[in-house]
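A short worksheet on the structure shown next.
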Amino acid sequence: MSGSGWMVPVLASVVGIAIVAVIFVARAWPATPDLTPEEKAEAADAPMPPLQRRAWWGLAIGAGAFALAAYLLSTRGVMMYWEDDPFRLRVLGIFLVGLLGSVGVTNLPLVRLEALGRLDERDRAVLARAPTAQMALGLIGLAVWLVALGQKFHDAGAVPMPYLYVLFGSIILLIMIGQSVGIILGYWFGGRNAEG
Amino acid sequence: MPKAEISNDIRRLRFEHDEMTQQALADQVGCSRQTIVLLEQGRYAPSLALAFRIARAFGRTVDEVFSFENEQDGPADG
């Protein structure tokens, strides 16, 4: 597809996914009981669990790296990823910082937190449900890529190789970000019960 | 299946036990203070093990601390 006509279905799919996500969150939003001012103060005063705090850091690092890599690739072009060695190394570096940083602040300390007894059953339940968000983000990313690549390279009949590297990298990073998103949403929804 | 909720008297029992703090109860039963806050607000249903530990912390049985409410049947004794 010539020009920027391929952007229309991509944007349409992104908007469609966003609408579905908003409807899902609105339907899943827990009914918050009426709280007294004292109860509200207690809830606000309670310290954030260590896992939740680490998930926020993981999200900041992962999403920051994703946004920076996306900005560089969109301004310089995906083909430059293959043709310009310093540019490729820069993007790869950002990818690795996002990936290892996210794993380093969210996943690696779990063993220590468990050993110190700083994870309770609600933390474990939230952690166990996080892969749902990972799978959702990974699938959404793949769906967007499917539409984008199909529309952009339909006439050419083949996808240039650099796009596949960027595709794999973006999906891996999205899945890592998904863990942090899943943990944050799990705490946000209150972790309704211990059994799932 | 009708919607079911688990309510509890943790808040009242804390005050009856020398105004035990949420943190003290959390430390005693092995959970975070945030979990105790959510339990008292009825926003979290605990596992059976945590329910037993909380009941034991107050020297009560589980059904003296927690009650099961069913939208269809109304509150059950607990």
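If you read the sequences in order, they're chains A and B.
Residue 66 in our numbering sits at position 66 of the first sequence; the count goes up by one each step and never skips.
Just so we're on the same page, our numbering is the position in the second sequence counted from 1, plus 1000.
All C-beta atoms, glycine included, are put in the ideal place defined by N, C-alpha and C.
Using a Cβ-Cβ cut-off of 8 Å, state whether residue i counts as contacting chain B.
i	result
A43 of chain A	yes
P47 of chain A	yes
R122 of chain A	yes
G117 of chain A	yes
E39 of chain A	yes
S2 of chain A	Residue placement at S2 of chain A is poorly supported in this model, since its pLDDT is 48, which falls under 50; the coordinates are not used for a value here.
For residue i, which of the options has the nearest alpha-carbon?
i	options	result
A70 of chain A	A:S13, A:A156, A:R88	A:R88
S1047 of chain B	B:R1033, B:F1066, B:Q1022, B:Q1041	B:F1066
A130 of chain A	A:I175, A:V91, A:E114	A:I175
M80 of chain A	A:S170, A:V181, A:Y163	A:Y163
A12 of chain A	A:I177, A:F95, A:V181, A:W145	A:W145
W188 of chain A	A:L119, A:R53, A:I61	A:R53
F1058 of chain B	B:S1007, B:V1037, B:F1015	B:F1015
A1051 of chain B	A:L113, A:F66, A:R122	A:R122
T132 of chain A	A:S170, A:Y165, A:G178, A:Q151	A:G178
A55 of chain A	A:P9, A:L127, A:G169	A:L127
A125 of chain A	B:I1006, B:T1061, B:R1056, B:A1045	B:A1045
G186 of chain A	B:T1061, B:E1064, B:R1043, B:C1031	B:R1043
G197 of chain A	B:L1025, B:E1019, B:C1031	Missing from the structure shown is residue 197 of chain A; chain A here goes from 1 to 196 and no further.
F168 of chain A	A:T75, A:L99, A:D84, A:P9	A:L99
Determine, using beta carbons only, whether residue i comes closer than 8 Å to chain A.
i	result
R1012 of chain B	no
Q1028 of chain B	no
V1037 of chain B	yes
S1032 of chain B	yes
L1050 of chain B	yes
G1078 of chain B	With a pLDDT of 43 at G1078 of chain B, under the threshold of 50, the predicted position of this residue should be treated as unreliable, though the coordinate-derived value follows. Cβ-Cβ to chain A under 8 Å: no for G1078 of chain B.
S1047 of chain B	yes
K1003 of chain B	At K1003 of chain B, the pLDDT of 49 sits below 50, so the modelled position is not reliable; the number obtained from the coordinates is stated separately. Cβ-Cβ to chain A under 8 Å: no for K1003 of chain B.
Check whether the Cβ atoms of residue i and residue j lie closer than 8 Å to each other.
i	j	result
Q1041 of chain B	A43 of chain A	yes
L137 of chain A	V181 of chain A	yes
D120 of chain A	T1035 of chain B	yes
V105 of chain A	I61 of chain A	yes
F153 of chain A	V147 of chain A	no
V91 of chain A	L73 of chain A	yes
I171 of chain A	L51 of chain A	no
A41 of chain A	L173 of chain A	no
R1033 of chain B	P47 of chain A	yes
V1037 of chain B	R1053 of chain B	no
I94 of chain A	L59 of chain A	no
V166 of chain A	V78 of chain A	yes
F1068 of chain B	I1010 of chain B	no
Could I get the ranges of all uninterrupted beta strand (DSSP E) runs contained in the segment 1035 to 1072 of chain B, with 3 residues as the minimum, in chain order?
-> 1066 to 1070
Taking only runs of the alpha helix (DSSP H) that begin and end inside the segment 115 to 159 of chain A, which ones reach a length of at least 4 residues, in chain order?
121 to 152
Where in the segment 60 to 118 of chain A do unbroken runs of the alpha helix (DSSP H), each at least 4 residues long, occur, reported from the N-terminal end onward? 80 to 83, 85 to 106, 109 to 115
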